[in-house]
Amino acid sequence: MTCRELAEKIEKLQPDASPQDVARLCLLLTNSHRDVSALGDLVELQSAWRQIGLRLQLATDQHAAMTHELEELASSDPKEFSQEQVWVLIRAIKVQSQILQMYVGHPLLDV
2 MTCRELAEKI EKLQPDASPQ DVARLCLLLT NSHRDVSALG DLVELQSAWR
52 QIGLRLQLAT DQHAAMTHEL EELASSDPKE FSQEQVWVLI RAIKVQSQIL
102 QMYVGHPLLD V
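Using the working numbering, read the sequence shown as starting at 2 and increasing by one per residue.
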């Protein structure tokens, strides 16, 4: 299956999707499946789409929560960081790596 064919299937399933959303879904779906030709099956495509949607929603929610924590952290003096504030930074790095991993399609270094 080519990216164009996958994009056409996505557009049929979600006709109101923007070109950016279709491209994003193509990338996420192809990165999550070793056998991209399996996505030609409508049932398999819908299942993969739901799984990717859930993973993306989870990552988005985590990112939003982490952004809030980082904004609070940015207003404090780095010289005075507590152990908890350092853990906020570490969690932020993990969240960012999870999102990046979804888009590049292979595991990154385990932080």
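Every residue, glycine too, gets a C-beta built ideally from N, C-alpha and C.
This structure is a prediction, so every number in the text was calculated from the model and none was measured.
Of the other Cβ atoms in all chains shown, 16 or more fall within 10 Å of the Cβ of Ala-49; this residue is therefore buried. If you look at Lys-13, you'll find it in the alpha helix (DSSP H) that goes 4 to 14. Between the alpha carbons of Leu-90 and Gln-99 lies a distance of about 14 angstroms. For Ile-53, the number of other beta carbons within 10 angstroms of its own is at least 16, and it is reported as buried. A distance below 8 angstroms between beta-carbons, with the five flanking residues on each side excluded, links Tyr-104 to the following residues of its chain, in chain order: Leu-28, Leu-29 and Asn-32.
With respect to the C-alpha of Ala-66, the residue from Gln-21, Gly-106 and Gln-97 having the closest C-alpha is Gln-97. Asp-62 carries a helical assignment under DSSP once its states are collapsed to helix, strand and coil.
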